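Here the structure is laid out as structure tokens; the discussion comes afterwards.
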Amino acid sequence: MEMNGNEIKEMQKKYVLQSWSKQEGLNPIPIKEAEGIYYYDYDGNRYTDMASQLVNLNLGYGNKDIIEAIKKQAEEYCYIGPSVASKPRGELAKMIIDLLPDSFGKVFFTNAGADANENAIKIARMFTGRKKIFSRYRSYHGSSFGAGNLTGEPRRYPLEPGIPGFVKFFDPYIYREAIEFKSEEEACKFYLTKLREQLIYEGADNVAAIVMETITGSNGIIIPPKGYLPGVRKICDEFGILMICDEVMAGWCRTGKMFAFENFDVIPDIVTFAKGVTCGYVQLGGVAVSKKIAEYFDKNLLSCGLTYSGHPLACAAGVACVNYYKKADILGNVEKQGKVLGEKLEELKEKHPCLGDVRYIGLFSCVELVKDKKTKEPLVAYGKDPNGIMGKVIGLLKERKFMTYSHENMIFICPPLIITKEQLEEELEKLDEVLTIVDEKFI
9 MEMNGNEIKE MQKKYVLQSW SKQEGLNPIP IKEAEGIYYY DYDGNRYTDM ASQLVNLNLG
69 YGNKDIIEAI KKQAEEYCYI GPSVASKPRG ELAKMIIDLL PDSFGKVFFT NAGADANENA
129 IKIARMFTGR KKIFSRYRSY HGSSFGAGNL TGEPRRYPLE PGIPGFVKFF DPYIYREAIE
189 FKSEEEACKF YLTKLREQLI YEGADNVAAI VMETITGSNG IIIPPKGYLP GVRKICDEFG
249 ILMICDEVMA GWCRTGKMFA FENFDVIPDI VTFAKGVTCG YVQLGGVAVS KKIAEYFDKN
309 LLSCGLTYSG HPLACAAGVA CVNYYKKADI LGNVEKQGKV LGEKLEELKE KHPCLGDVRY
369 IGLFSCVELV KDKKTKEPLV AYGKDPNGIM GKVIGLLKER KFMTYSHENM IFICPPLIIT
429 KEQLEEELEK LDEVLTIVDE KFI
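Residue numbers 9 to 451, in the numbering used here, belong to the letters of the sequence shown in order.
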């Protein structure tokens with residue numbers, strides 16, 4: 009049935025519940041086609057995807073290698089159960105283990121990031137025989153029940169009262185810390201001391217795992233200070249606790265390394281991943297575990313299972329995706345364009361009174377908007393934006409076809425990793441224009 013853009017939009021509004029939204033007043037853009045870093049509506053308007061959708065479309069739209077791999081697999085078979093040997097499933101698992109440190113052994117495939125984290129904590133509990141799980145307040149690990157209890161920010165509230173045994177701690181957010189540290193090392197020592205103390209008070213021998221986004225993602229691209237992650241690793245080793253790095257958003261070349269933990273001289277016990285493993289062409293996630301953990305389940309039951317674990321179409325897309333990262337030297341492009349992005353963001357910070365902080369690593373970045381640079385008072389209070397200021401700021405960007413999202417007082421700049429210098433500079437000029445309006449009207 010042929011439909012125009014407005015008909016498609018109205019059908020979605022009538023029948024689809026849209027996530028994280030009050031349904032009244034929604035006005036989704038009907039998309040006709042997409043290519044590279046751009047997508048187009050039915051009126052021919054071109055939008056630049058400066059958030060890689062949900063920071064998952066790392067290789068952009070219309071990647072022929074991934075599309076052909078999906079087509080080829082579909083012609084052979086679209087689905088076969090997890091207990092049957094499938095070439096793309098085994099091939100992708102081997103590729104992932106080969107990309108990780110030598111200490112890693114096997115992969116359990118999931119449908120996405122949330123159930124990757126769900127299964128990671130199940131594996132940690134089974135392996136250690138312990139029940140408590142530590143995770144951070146400024147974190148998002150998914151919205152299903154277990155992953156939602158891992159999550160520390162307000163999106164966990166509808167799940168409360170939560171599951172017993174989930175314990176929260178604060179991650180280093182030096183820009184907003186009330187204490188003025190002399191150095192990153194001093195801050196690192198403070199946060200690690202508090203974490204160790206909290207573990208002792210919770211009974212460290214009851215704690216199965218510490219789960220962290222390697223770099224805090226949708227809560228503000230908070231990059232850990234020097235020495236922090238190795239410090240957490242040392243604490244985990246001291247008490248026999250597993251270190252789980254959530255690489256759902258930060259993995260797959262986003263930070264200039266294949267996996268974000270490679271930036272910090274640390275090796276976790278478990279890594280969860282999703283998003284960039286297939287760039288959204290088919291949904292897929294997974295849990296990579298150390299050889300020691302994998303060997304444990306040789307003689308002990310792995311009580312994890314999903315109908316679509318290692319879905320052949322998704323794994324075929326994943327194989328093509330991982331191959332393309334290497335073939336196209338995506339890490340090289342992230343290094344080049346990440347340098348451009350960082351320099352431009354620093355220039356914008358100097359120029360605009362509304363820009364309190366900029367944080368970036370590779371092509372993973374955000375800007376934090378404030379009313380006053382000296383006091384660091386945020387443009388909107390935590391959890392409160394009665395005048396819809398951030399919505400208006402995002403609207404101004406949308407008018408310029410710069411498509412991204414905000415969280416609290418932050419705007420995210422996480423474009424597809426195939427972006428060119430010219431494209432990046434063109435879009436950052438739009439951000440500059442909007443920040444000038446914020447300077448004049450909102451602070």
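Note that beta-carbon positions come from the ideal geometry of N, C-alpha and C, so glycine has one too.
Please read these numbers as outputs of a predicted model, since none were measured by experiment.
Rounded to whole angstroms, what is the Cα-Cα separation between Gly264 and Glu10? 43 Å
Please name the residue or residues paired with Arg144 in a DSSP beta bridge. Phe177
Report yes if the CB atom of Tyr289 is closer than 7 Å to the CB atom of Asn119, and no otherwise. no
Near Lys17, what residues of its chain come up, given a Cβ to Cβ distance below 8 Å and the 5 sequence neighbours on each side ignored? Asn35, Pro36, Ile37, Pro38, listed in sequence order.
Can you check which of these residues, Ile419, Met411, Val330, Lys334, is closest to Arg367 by C-alpha distance? Ile419
What ranges does the beta strand (DSSP E) occupy inside the stretch 9-79, keeping only unbroken runs of at least 3 residues that lie completely in it? 39-43, 46-49, 54-57
In this structure, does DSSP put Met266 in helix, strand or coil? coil
Give a yes or no on whether the C-beta atoms belonging to Ile278 and Ile249 are separated by under 7 Å. no
When the Cα atoms are used, what is the spatial distance from Ser143 to Pro394? 30 Å
Go through its chain and collect everything with a Cβ distance to Met266's Cβ below 8 Å, but skip five positions before and after it. Leu107, Gly259, Trp260, Tyr333, Leu339
Boundaries of the alpha helix (DSSP H) in which Leu105 is found, first to last residue: According to the sequence as given, residue 105 is Ile; it is not Leu. That run of the alpha helix (DSSP H) goes 95-107.
Using 8 Å as the cut-off, can you tell me whether the stretch 70-84 makes contact with the stretch 376-393, which would need three or more C-beta pairs spanning the two stretches below that distance? Contact between the stretch 70-84 and the stretch 376-393 is absent, because fewer than three Cβ pairs lie under 8 Å.
In chain order, which beta strand (DSSP E) runs of at least 3 residues are fully inside the stretch 386-431? 418-421
Could you give the distance in angstroms between the alpha-carbon of Lys40 and the alpha-carbon of Leu207? 52 Å
Indicate whether Ala217 and Ile141 have their beta-carbon atoms separated by less than 7 Å. yes
Could you please give me the residues that DSSP links to Val375 through a beta bridge? Val366, Ile419
Using three-state DSSP, classify Thr383 as helix, strand or coil. coil
For Leu250, write down the residues that DSSP places opposite it in a beta bridge. Ala217
Three-state secondary structure assigned by DSSP to Ile129: Ile129: helix per DSSP, three-state reduction.
Relative to the alpha-carbon of Ser226, which residue among Gln61, Ala42, Glu246, Gln26 has its alpha-carbon at the smallest distance? Gln61
Can you give me the start and stop residues for the alpha helix (DSSP H) that Ala328 sits inside? 320-335
Among Tyr183, Leu158, Tyr181, nearest to Ile171 - alpha-carbon criterion: Leu158
Would DSSP call Gly350 helix, strand or coil? helix
Pick from Arg204, Met19, Arg241, Met257: whose alpha carbon is nearest that of Gly228? Met257
Short of 7 Å in beta carbon distance, which residues of its chain neighbour Glu43, apart from the five on each side in sequence? Order them along the chain. Tyr69, Gly70
Using 10 angstroms around the beta-carbon of Lys283, count the other beta-carbons present and answer buried if the total reaches 16, otherwise exposed. buried
How is the alpha helix (DSSP H) around Phe281 delimited, first residue to last? Where Phe281 is concerned, there is no enclosing alpha helix (DSSP H), although the beta strand (DSSP E) around it starts and stops at 278-281.
Helix, strand or coil for Val342, going by three-state DSSP, please let me know. Val342 falls in the helix class under three-state DSSP.
Start and end of the beta strand (DSSP E) containing Phe112? 112-118
At which residues does the alpha helix (DSSP H) containing Gly156 begin and terminate? Where Gly156 is concerned, the enclosing alpha helix (DSSP H) stretches over 153-158.
Segment contact, 8 Å Cβ cut-off, at least three pairs: the stretch 304-320 with the stretch 338-355: no
Asn53: buried (16+ other C-beta within 10 angstroms of its C-beta) or exposed? exposed
DSSP state of Val442 mapped onto helix, strand, coil: In this structure, DSSP gives Val442 a helical state, which the three-state scheme calls helix.
Endpoints, the beta strand (DSSP E) within which Ala296 is located: 293-298
Pairs of beta-carbons, one from the stretch 232-247 and one from the stretch 86-97, closer than 8 Å: are there three or more? The stretch 232-247 is not in contact with the stretch 86-97.
Counting along the chain, where does the alpha helix (DSSP H) carrying Thr201 start and finish? Where Thr201 is concerned, the enclosing alpha helix (DSSP H) stretches over 192-210.
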